[in-house]
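S.K.:
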Amino acid sequence: MAIITISRELAALGDETANELSKLLDYRFVDKHALEERIKSYGFSERKLEKYDERKPSFWASLSQDRDDYLHYLKTAMLAEAGQGNCVFIGRGANVVFKGVPGVLSIFLVAPDEIRVERVKSYFHSDDKRARQIVEQSDHDRDGFHRYFFDMEWKNPDYYHLTINTGHLHPALCAELIQGLKDRLITNDVESLCKVRIQEMTLAQQLVHHILYEKEIPIHFLEAAVSGGTVTLFGVANSQSLVEAAVSSAREVPSVTAVQSEIQVVQEYSVMP
Numbered sequence: 001m002a003i004i005t006i007s008r009e010l011a012a013l014g015d016e017t018a019n020e021l022s023k024l025l026d027y028r029f030v031d032k033h034a035l036e037e038r039i040k041s042y043g044f045s046e047r048k049l050e051k052y053d054e055r056k057p058s059f060w061a062s063l064s065q066d067r068d069d070y071l072h073y074l075k076t077a078m079l080a081e082a083g084q085g086n087c088v089f090i091g092r093g094a095n096v097v098f099k100g101v102p103g104v105l106s107i108f109l110v111a112p113d114e115i116r117v118e119r120v121k122s123y124f125h126s127d128d129k130r131a132r133q134i135v136e137q138s139d140h141d142r143d144g145f146h147r148y149f150f151d152m153e154w155k156n157p158d159y160y161h162l163t164i165n166t167g168h169l170h171p172a173l174c175a176e177l178i179q180g181l182k183d184r185l186i187t188n189d190v191e192s193l194c195k196v197r198i199q200e201m202t203l204a205q206q207l208v209h210h211i212l213y214e215k216e217i218p219i220h221f222l223e224a225a226v227s228g229g230t231v232t233l234f235g236v237a238n239s240q241s242l243v244e245a246a247v248s249s250a251r252e253v254p255s256v257t258a259v260q261s262e263i264q265v266v267q268e269y270s271v272m273p
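Laid out in structure tokens, this is it:
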């Protein structure tokens, strides 16, 4: 299996290119709607989703438990989609969630500001001033979203395999360029590695969910790493008994053969509610 993530500036033909690419490769197209439907199926309300729609959350939203829940369920939804096989993701930080996974190709689509403004004027039937405001606000929101949730500079080319200027390129041609790169970089062996890694990441996410949301064991900053059937837990706990409870809970999850703990114990550790 293979995964292609498309990140894009507003009016850089991101959705159009992702659609063309998914048709060209016969991959599933995973967009905002698909992810949000999954997230809502986990019990996260649409009202809460609106607070985190590719923008930095407000001050009060950033202090809420909803923030952590949103990121947890976003990752869960992405892994569930990836687990179904070949797919094209657009936006939502998918390139960061799948960073370092074999068989993942991350693309960034840009366009000159003047061309973006003209496209926005056409999309929204707006004047030049309003179109520029829309472009600037979109850039600000997307940058804030990525910095806040993933601690990354959204436009940093280091996070992508390929950046394409769509200023004078049709989405179909952009899709062909991406297909060519995919064919050169993602071999059958790499696709096999991708499938295994996604399975391991999915198991790790299931472990985090089981410990935090089902068992409600308060391990702060909990993360799990899986290699084969061996699990390593990371995080911070207030007591050794909580660490032992987390390890015991991890052993309950199917497919887990061994559990190691790197959870640090810090007495009277607390975080903002």
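Using UniProt numbering, the letters of the sequence shown map in sequence onto residues 1 to 273. All residues carry an ideal CB built from backbone N, CA and C; glycine is no exception. For clarity, every value in this text was computed on a predicted model and none was experimentally measured.
(1) On the DSSP letters alone, give me the boundaries of the alpha helix (DSSP H) that G93 sits inside.
(2) I need the straight-line Cα distance from A61 to R142, nearest angstrom please.
(3) Using DSSP with H/G/I as helix, E/B as strand and the rest coil, what is F150?
(4) With respect to the alpha helix (DSSP H) encompassing H209, which residues constitute its N-terminal and C-terminal limits?
(5) Return yes when the Cβ of E262 is within less than 7 angstroms of the Cβ of T230, no when it is not.
(6) Using DSSP with H/G/I as helix, E/B as strand and the rest coil, what is H33?
(7) Residues in its own chain within less than 7 angstroms of V253 by CB, not counting five upstream and five downstream?
(8) In the region 110–147, which residue ranges form an unbroken alpha helix (DSSP H) of at least 4 residues, counting only runs that do not cross its ends?
(9) Tell me where the alpha helix (DSSP H) around N19 begins and ends.
(10) Find the nearest neighbour of D26 within the set V88, L222, I186, A94, judged by alpha-carbon distance.
(11) Can you look up S106 in the DSSP assignment and give me helix, strand or coil?
M.R.: In this structure, then:
(1) Indexing the sequence shown from 1 puts residue 93 at position 93. From DSSP, G93 is part of no alpha helix (DSSP H); its letter is neither H nor E.
(2) Taking the sequence shown and counting its residues from 1, one reaches residue 61 at position 61. Taking the sequence shown and counting its residues from 1, one reaches residue 142 at position 142. Caution is warranted here: a pLDDT of 46 is assigned to A61, below 50, making its placement in the model unreliable, and no coordinate value can be reported.
(3) Numbered from 1 along the sequence shown, position 150 holds the residue referred to as residue 150. Helix.
(4) Stepping through the sequence shown from its first residue, residue 209 is reached at position 209. Unbroken alpha helix (DSSP H) run through H209: 188–209.
(5) In the sequence shown, residue 230 corresponds to position 230, counting from 1. In the sequence shown, residue 262 corresponds to position 262, counting from 1. Using a Cβ distance threshold of 7 angstroms, T230 and E262 do not count as a contacting pair.
(6) Indexing the sequence shown from 1 puts residue 33 at position 33. Helix, per DSSP.
(7) Indexing the sequence shown from 1 puts residue 253 at position 253. For V253, where only same-chain residues beyond five positions count, the Cβ hits under 7 angstroms are Q206, L207, H210.
(8) Those alpha helix (DSSP H) runs which fall completely within the region 110–147 and span 4+ residues are 113–124.
(9) Counted from its first residue, the sequence shown places residue 19 at position 19. Where N19 is concerned, the enclosing alpha helix (DSSP H) stretches over 14–25.
(10) If you number the sequence shown from 1, residue 26 lands on position 26. Closest option to D26, judged by alpha-carbon separation, among V88, L222, I186, A94: V88.
(11) Position 106 of the sequence shown, counting from 1, holds the residue named residue 106. It is a strand residue.
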